[in-house]
Each structure stands twice: as structure tokens, then as C-alpha cells.
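Listed in order, the protein sequences are those of chains A and B. Mind the numbering: the first sequence is residues 0 to 322 in numbering that gives the first Met the number 0, read in order. Mind the numbering: the second sequence is residues 0 to 297 in numbering that gives the first Met the number 0, read in order. Structure first, commentary second.
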Amino acid sequence: MLQYSYRPNPPPTSRSRRSADQSWLDYSPIVGRPPIRWPNEARVALWICPNILYYEYAPTPDPWVNAWARMTAPDVQVYGRQEYGARVGFWRLLEVLDKHKARCTAVVNSAALRMFPDMCAAAVERRWDFVGHGQYNTRFVYGHSPADELAFYRDMLAEVEDRTGVRMLGTGGPGPQSATENTPDLLAEAGFLYHADWFCDDQPFPLRVRSGKLISVPYSIEINDAPFLGVAFEADQFADAIKRQFDMLYREGAESGRVMCISVHPPLFGQPQRVGYLDKALEYILSFPGVWQATGAEIAQHYMTHHYDAMVAHLAREQAGRP
Amino acid sequence: MSEHDLYDRTPIVRRPPLAWPGQARLAVGIVVCLEYYEMQPPADAYQPVNMPGGSGRGPYPDFRTYSHREYGNRIGIFRVMSALERHGLRATAAVDAWTAGHRPGLIEEIRRRGWEFAGHGQTVTQVISSEMTEEKERDYIRSSLASLEAACGSRIAGWHSPEYGESAQTPALLAELGVDYVLDWPNDEQPYRMRTAGGPLLSVPMAVDLDDVCAHWYRRLSMARWRQSIADALDQLLGEDEAGGRMLVLNLHPWLIGQPYRATYLEEVLADLRKRPGVWCATAGEIAACAASQLDAR
């Protein structure tokens, strides 16, 4: 099911941030870090992320990403498959999330809240948190000037706050992903506390930004049905992955707290042949004591309050001892 | 134009329920695509980049991809027909104009079984897209319907575009040319009304993740997993409190599902389906007509 492809020429970049390693985070292995303690001695902070996304039927073509790669837009097969989420899938998924009283952080395109007011109302009614994912899943920030990109995030923040009452503290890149070299700096400037595009850790960690503070809160590209169900895998294997991911993180979380993210997409996991497997996986995870059902904002705020400074000092010690 | 205004976006939980005959909880339809894959389509013909079959679309003459797809018309369709017949099921045959014109024996086999016909374009290698002018698309649809009507001798009520390819004008052109329902928009579990510049049209969505091309070809699921997915879908749909007149329309392509080993799984899927109470097995056209009468009365 082909959705996106990159066009042949990449967006322009400056060389200002280029170095032997990237310049946004220090290498810091999991061993030797100051331990993380979650509230109530929880071992795992669990954030469950239903995606509320909106794909334009026939968007203005983007110079860097082809949002409708299978065929010239409209592609009613792939558009329809996505739209199934708002019309049908979300509501079936919601029954399972409600059954487990899941505390959710919806990954949102701000325009999806406008286009699908029923989904927005259902999320608000349940006091879900929100994490940004751009305005439309068919609009990207590649090639944006810093001023345009900052305005893009501010517009997204304002629309989400206007429709939900929630001032978002975190975001990932718009579309399947998209960013510029300025993105982390601009996110801090726009008032975000965390960035959800870094898949290199099981714990939050500080990101280096020009001014202010920004951390990573681990979202998942693995426990995420969209890539998972891409080729060859199905819902039973996703449920097995959720359980095993949890078992490992729970075991390790006895020493130092871990974050587990479950990302689900209503067009995919709201299908009737799949939803029951999520039900069973959640039942398993939530039967354990020591699971903190948290939101993205709660994880980020807890980390900032209790662990950020200790980790910054630890990183400085690691850097000082490194050749 | 980034959006369309073809239908209301009301989610399924906010709509009045639909009722199926015999108080059935679920309607199940099967669409079988009979399509001709041209070895050398016209120079201006459009195809999606990931055209299924063979090893992908190769330079002319691509014997392998042509023949992989042509297997459906020589062998696969007969296996699919006999499996459906054994379980007392009739399908909707989506037949393209080339096949209708050149394979009268196939048309006769379909008629003899009492299946219904739906339009399916000219050939599967001439896909509708917004690269096509409106004038050309109108001719394309009109002549596709005319060829199929001439071959089967009855009016064509349904349409499924080759490879689910549409332009922004397709629903309006279908309505204008007298089509009642379209199968291309896989966004729902109920039929729903479309309003177009050409008049009203009914959308009858198919379950795209269970479509054999999507499940077996694009997603490379094992056949056992596909069989299980359909059983899981039926369990869920039949077990839900507010069934509300939902449906599951399965789209099958004989070049793929008609392969000997795959067809054994189809037989098992159909046997499982027929064991379940509360299912109304119907053609897409019967489901469309049943839903249309209720939607129009609202």
C-alpha cells in the first residue's frame, strides 16, 4: 500500500550544523546513567498514541515529498483506506481503549481536528493529551525558512489549543516525518518541551538547542502499526510484539524507569480483523503493577522536574572523559 | 482543489442503522475482477507505479507479467467459480471491455451461474487517473459500459475502476452515464450516498486490506494469515453489539487467488463463511439496492 515517496532532489540544507557526529544529542549509552524513578515506583511509563490524521484528497504537490506515490492524486484507494479511520475504525478502536480506560496521547494533524469534529470531541471528552504531527499529513516542512517553520508550529499549536483546550508540549515532524536543521531550535522557541522524532532510546534525553530546553520522549517506529503492518506482518504478531516489548522493558525498568510507546492508527487497527488483538495485548500489559499510564506531557514534565539536571551533569561528565 | 464534497463525513456511529434481509447482522459480497493485461498498452495509457503481477511491469515484451495476469482468465476464474458454486455463492463479476468483447465463453460462464456484472474499464493496463482529460474519460467509461452491456445483454449498474484508479471527475461521470454504485472507495463498512455534478451515486466500499492483491501481492501475507484475518473480521463484525447493517465486500482477482495453492485457502474461507449464522451473502448490486432504498427513504 504505497503512500509516500521522496522526490529525486532533496531539500536544501546549510552546512552550519554539520559535524563528524550530528550536533543535537550526545552519545550516551543506557549503562551508567543516573536512574529514572517514575511516580509510585512504576517501572514503565506507558503512553498510548492513537493517530488522528488527515490526508488531503488532492493537495498542492510538495517539491520534496510525493504524498500520493501510487498514482497521481486523487488516489481514491489509498485516500479511502485512510479515511476509513475517521468513518469507522476510530470508533471500534475507541471501544477497546475505553474498555481498558487507556490514557491516550493522540498524535494529531491540526486539520484533522477541524475535518473530523466527532473524533476531536471524543478525544476531548476523554481528556486525552495531544502531540503534534503537523497540520496535514500531506504537508511538510522541508525547505521552510526558519520564520515560516516557526509560524507553521505556532499555527498548529493555536489550532489544537483552540479545538481541544490543550496546549501541546510535544510534537513530531509533519507528514510521515519532515524537519529542517532548525527544527529542534524552533520547537524550543515555540514553547515545546519535547520532540517525538528520536527513536534511539528507551528513556527521555536532553536535546541541544540554541536557547531554552528541549528533550526527546521516545515515540515508537517499531511498536507502531503503520510500519509494522506494511509488509508480511499482521495483528497477531503486533500483539506479540507489544507483549514482548513490555516484558523486556518491565524487567529492565526495575533498575531504572523505561518508556513504552504504543502507536496505533485507526484506519489500520480499527479494522474488524485486528482490533481484538490490541484488546488482548492491553489486557496483558495492564494486569501488571508498576505500569504508569501516562501522557506524553506527563512523562516530559516528570523528567524535566526530576531527571533533566542530573542527566545534563552526567552527559558533561561523559563528554569530559571522552577522547 | 485539495478536498472534495462528494459525501457527508458522518462517522458510522452517528448514522441510523441499515437493515439487511432476514434480520442478518452482516452482508457479505464477493467481487471477482476479470481483466485483460495488455502486453503493449496504448502509448498514453496510465498505470500506477506499483502495478501488480510478474516481477513488476517490465519493458515490452514482458511475457512473464502478461502471462501471470492472463492465468486468471485461462485457469484461475474456473477455480474461483467452482469454489463459489460449491458453496452456493454468486459473485459480482467486474469485467473490462476487452475481456467482454474477446472472451464470450467467459461471459457465458458468468451468465450461466447467475452472477451479476459490473463495469471495469477498458483494460487493466489503461487506468483512469487525473492525467486523463474529462472528455476522454467520459468516452472511456461510456464505451466500457457499452461493450459490457452488448456482451452480457443487460444494463450495468455497478462500476469498479481498474486498480481502483479514479480522477476527480469519475464519480460525476459514472452518475451521468447511468451507473448506480461504485466500488472504488474503501472507506466504510456501509454503503453511503455520493452527490456528484452528474447526479446521485452510491458508494459500496470494499475491504481493501482483505483484497487479495493488497493482502497477498502488496503485503505478502501468508495465505494462512489471510484466512485467519477473514475469520477474525467475521467474528468481530458478527459479535459487535450494534451491528447496524454493516458489510464486508471482498475483492478477488483470479490471476492471484486462482493459483492452485491459494484457491485451497479460498475454499476454506468460503466454507467458514457459510457455516456462520446471521450473514446475508449477496452480490454487491443486491447490497447496493437494499441500502439505496433505505437511504433514499431518509
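Using N, Cα and C, we set each Cβ at its ideal position, and we do this for glycine too. All values derive from a computational prediction rather than experimental measurement.
Can you tell me whether DSSP reads residue i as helix, strand or coil?
i: residue 50 of chain B; result: coil
i: residue 32 of chain B; result: strand
i: residue 5 of chain A; result: strand
i: residue 188 of chain A; result: helix
i: residue 116 of chain B; result: strand
i: residue 290 of chain A; result: strand
i: residue 38 of chain B; result: coil
i: residue 167 of chain A; result: coil
i: residue 159 of chain B; result: coil
i: residue 259 of chain A; result: strand
i: residue 65 of chain A; result: strand
i: residue 193 of chain A; result: strand
i: residue 57 of chain B; result: coil
i: residue 303 of chain A; result: helix
i: residue 48 of chain A; result: strand
i: residue 90 of chain A; result: helix
i: residue 310 of chain A; result: helix
i: residue 25 of chain B; result: strand
With a Cβ-Cβ cutoff of 7 Å, do residue i and residue j count as a contact?
i: residue 115 of chain B; j: residue 168 of chain B; result: no
i: residue 260 of chain A; j: residue 23 of chain A; result: no
i: residue 171 of chain A; j: residue 189 of chain A; result: no
i: residue 219 of chain B; j: residue 230 of chain A; result: yes
i: residue 72 of chain A; j: residue 57 of chain A; result: yes
i: residue 198 of chain A; j: residue 222 of chain A; result: no
i: residue 35 of chain A; j: residue 289 of chain A; result: no
i: residue 76 of chain B; j: residue 190 of chain B; result: no
i: residue 142 of chain A; j: residue 10 of chain A; result: yes
i: residue 40 of chain B; j: residue 98 of chain B; result: no
i: residue 317 of chain A; j: residue 13 of chain A; result: no
i: residue 264 of chain A; j: residue 225 of chain A; result: yes
i: residue 237 of chain B; j: residue 271 of chain A; result: no
i: residue 258 of chain A; j: residue 120 of chain A; result: no
i: residue 55 of chain A; j: residue 135 of chain A; result: yes
If you drop the 5 nearest sequence neighbours on each side, which residues of the same chain put their C-beta closer than 7 Å to that of residue i?
i: residue 69 of chain A; result: 1 and 77
i: residue 195 of chain B; result: 5, 170, 171 and 174
i: residue 126 of chain B; result: 45, 46, 47, 161, 162 and 164
i: residue 130 of chain B; result: 45
i: residue 216 of chain B; result: 51 and 255
i: residue 105 of chain B; result: 33, 72, 76 and 98
i: residue 148 of chain B; result: 154 and 155
Give every residue of the same chain whose Cβ lies closer than 8 Å to the Cβ of residue i, excluding the five residues on either side of it in the sequence, and list them in chain order.
i: residue 103 of chain B; result: 150
i: residue 299 of chain A; result: 168, 169, 192, 193, 203, 214 and 216
i: residue 210 of chain A; result: 184, 187 and 188
i: residue 54 of chain B; result: 63 and 64
Assuming residue i is part of the beta strand (DSSP E), what are its boundary residues?
i: residue 325 of chain A; result: Limits of chain A in this structure are 0 at one end and 322 at the other, which puts residue 325 of chain A out of reach.
i: residue 199 of chain B; result: 198-202
i: residue 324 of chain A; result: Because chain A is modelled from 0 through 322, residue 324 of chain A falls outside the range shown and cannot be assessed.
i: residue 92 of chain B; result: 91-94
i: residue 249 of chain B; result: 245-251
Is it the case that the CB of residue i approaches a heavy atom of the ligand ATP more closely than 6 Å?
i: residue 180 of chain A; result: The ligand ATP is not part of this structure, which contains no ligands at all.
Given residue i, which residues of its chain have a CB within under 6 Å of its CB, disregarding the five upstream and five downstream residues?
i: residue 265 of chain B; result: 82 and 256
i: residue 234 of chain A; result: 273 and 276
i: residue 293 of chain B; result: 17
i: residue 61 of chain A; result: 139
Identify the continuous alpha helix (DSSP H) that holds residue i and give its terminal residues.
i: residue 190 of chain B; result: Here residue 190 of chain B belongs to no alpha helix (DSSP H), and DSSP marks it neither H nor E.
i: residue 281 of chain A; result: 274-284
i: residue 284 of chain B; result: 283-295
i: residue 179 of chain B; result: From DSSP, residue 179 of chain B is part of no alpha helix (DSSP H); its letter is neither H nor E.
i: residue 205 of chain A; result: Unbroken run through residue 205 of chain A is the beta strand (DSSP E), 204-206; no alpha helix (DSSP H).
i: residue 14 of chain B; result: Counting along the chain, residue 14 of chain B falls outside any alpha helix (DSSP H), and DSSP gives it neither H nor E.
i: residue 246 of chain A; result: 234-251
Check whether the region 96-108 of chain A touches the region 283-298 of chain A, counting contact only when three or more Cβ pairs, one atom from each stretch, lie closer than 8 Å. yes
Contact between the region 83-95 of chain B and the region 142-159 of chain B: three or more CB pairs below 8 Å? yes
Determine, using beta-carbon pairs with one atom in the region 264-280 of chain B and one in the region 21-28 of chain B, whether at least three such pairs fall under 8 Å. yes
Would you check if the region 135-149 of chain B and the region 169-181 of chain B touch, i.e. whether three or more CB-CB distances between them fall below 8 Å? yes
Using 8 Å as the cut-off, can you tell me whether the region 306-320 of chain A makes contact with the region 108-128 of chain A, which would need three or more C-beta pairs spanning the two stretches below that distance? no
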